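Notes follow the structure.
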Amino acid sequence: MKEIKRIGILTSGGDCCGLNAVIEAVVKAGTSKGYEVIGYKMGYDGLYNNDYVVLDNNTVRTIGPVGGSIIGNSNKTNLFNHKKYDKDGNEYYADDSLVAVKNLQNDKVDALVIVGGDGSMTSARDFKRLGVNVICVPKTIDNDVPYTDQTFGYSTAVSQIAKSIEAIKTTGFSHNRVMIAEVMGRHAGWLALEGGLAGDADIIIIPEIPYNLENIVEKLKERFERGFKSTLICVSEGARPIGGECTMIIDKTSTDGVRLGGVGTKLAYDIENLLKPITGQTVRCTNLGYVQRGGTTNHFDRILSFRYGSFAVEKIAEGEFGVMVALRGEHLVIVPLEEVVGNGPIGETSHGGTKNVSDDADLLRCARSMGIYLGE
Ligand code: F6P
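Following my numbering, the numbering of the sequence shown begins with 534 at its first residue and continues without gaps.
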């Protein structure tokens, strides 16, 4: 087994709370084993530009509770299919993975901790195939990474959602309004479901259960007649009507060319058109946006991040690479990256699967049995 002297870490994809806690744990656990730790700045961009900083116990002192990442994140940089611009500003794509591999060799990095979601882990899998000793830590507020019970960052985002919904409810109550809170989560409904439950939402709409506009309006009318003059609807950004599509914003700067978002505003408009003539209620939407990704990391995410980071270092010492650390019940385990993100060809982002809210999810059972309407 190769002796480990130096490990690198990068934080990739959209940020979330707990990234700094993972960095702190990797640095503290790594230095206690005698490893030097360096952090590549701005995710895979830092790996490509060979832009890094040496991290020691002093650098990471007190960063655990702070949201964001002290080494920065780049969203969606894929060095195997690297978007670049020529001198005339025209976009082109290049495979720059070997630049990164060379940098790692020159920097004498023996193992690389990649903290990211499915896209970042797809690149990690591809770097593994080029011989890089990678180990991944599952990050995302969306909690949609398969083979782990929970990603870090999710719990804090749920707390942020709950807190925001509680505030929105009080103003909705004063105005007898229907209030809509749109939350993130991509095509998985975890954030809306758990955040909505925790914040005491009356209706929760998730991507896994396409909604029926007329039925929602009927439910609101019924509630009004029973004396519930205000209603809080928590909707996932990836929600869609039965037989319809998700609501998206065109964004040429993003890899897919589109970004999810806007379903809350659309619903507010559609519901008000049908409901106001009957109950007189107006409908307002708040998109909770990036509030969900920031703030102070809650204690659950701090501990989960510490556990993930320190476990990754233990696995590095044991020579376990090409894996993701994962939470299974009370225990941490490792899962091969090919299981997590699939086994597609190098250079191609292939998704092994998104962890969605299944029909038998306990949270769904809980919501239903508490009388929360799910928009069907
Ligand atoms: O994956 C995390 C996430 O916050 C999603 O919930 C959301 O759709 C997306 O990132 C937003 O990404 P960006 O930072 O590119 O706007």
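The beta-carbon is built from N, C-alpha and C at its ideal position, and this holds for glycine as well.
Just so you know, these numbers come straight off a predicted model, no measurement behind them.
Burial state of residue i (16 or more Cβ within 10 Å)
i, result
"Ile540", "buried"
"Cys669", "buried"
"Gly813", "exposed"
"Asp677", "buried"
"Ser910", "Nothing about residue 910 can be read from this structure; the chain reaches only from 534 to 909."
"Glu727", "buried"
"Gln825", "buried"
"Met654", "buried"
"Phe761", "exposed"
"Cys818", "buried"
"His615", "buried"
"Pro878", "exposed"
"Val593", "buried"
Cβ-heavy atom distance, residue i to ligand 1, below 8 Å
i, result
"Met717", "yes"
"Arg826", "yes"
"Gly728", "no"
"Gly650", "yes"
"Asp735", "no"
"Arg792", "yes"
"Asp589", "no"
"Gly886", "no"
"Leu552", "no"
"Asn608", "yes"
"Asp834", "no"
"Asp578", "no"
"Thr673", "yes"
Cβ separation of residue i and residue j, assumed to be a contact under 8 Å, to the nearest whole Å
i, j, result
"Ala845", "Val559", "6 Å"
"Ile905", "Asp735", "7 Å"
"Lys635", "Lys538", "Not a contact, Cβ separation roughly 18 Å."
"Glu715", "Glu770", "6 Å"
"Leu870", "Gly855", "6 Å"
"Leu543", "Ile603", "About 12 Å; that fails the 8 Å criterion."
"Ala633", "Tyr581", "6 Å"
"Gly601", "Asp548", "5 Å"
"Asn831", "Ser692", "5 Å"
Pairing CB atoms from the region 693 to 712 with CB atoms from the region 646 to 661, are three or more of them under 8 Å? Touching, no, given that fewer than three Cβ pairs across the two stretches are closer than 8 Å.
Can at least three beta-carbon pairs, one atom from the region 715 to 722 and one from the region 734 to 750, be found at a separation below 8 Å? Here the region 715 to 722 makes contact with the region 734 to 750; the two share three or more CB pairs at distances below 8 Å.
If you pair each beta-carbon of the region 684 to 691 with each one of the region 546 to 558, do three or more pairs fall below 8 Å? Segments in contact, yes.
Taking the runs of the alpha helix (DSSP H) that are 4 residues or longer, which of them lie wholly in the region 699 to 733? Listed in chain order, the complete alpha helix (DSSP H) runs (minimum 4 residues) inside the region 699 to 733 are 723 to 731.
For the region 822 to 836 against the region 754 to 762, do three or more pairs of beta-carbon atoms, one drawn from each stretch, fall closer than 8 Å, so that the two count as touching? Judged by Cβ distances under 8 Å, the region 822 to 836 makes no contact with the region 754 to 762, as fewer than three pairs qualify.
May I have a chain-ordered list of the alpha helix (DSSP H) segments no shorter than 4 residues that lie completely inside the region 845 to 874? Within the region 845 to 874, complete alpha helix (DSSP H) segments of at least 4 residues are found at 870 to 874, given in chain order.
Which parts of the region 642 to 679 are runs of the beta strand (DSSP E), unbroken and 3 residues or longer, counting only runs that do not cross its ends? Counting only runs of 3 or more, we get 644 to 649 and 667 to 671.
Quick check for students: name the residue ranges of the alpha helix (DSSP H) that lie wholly in the region 785 to 853, counting only runs of 4 or more. The qualifying runs are 796 to 812 and 832 to 850.
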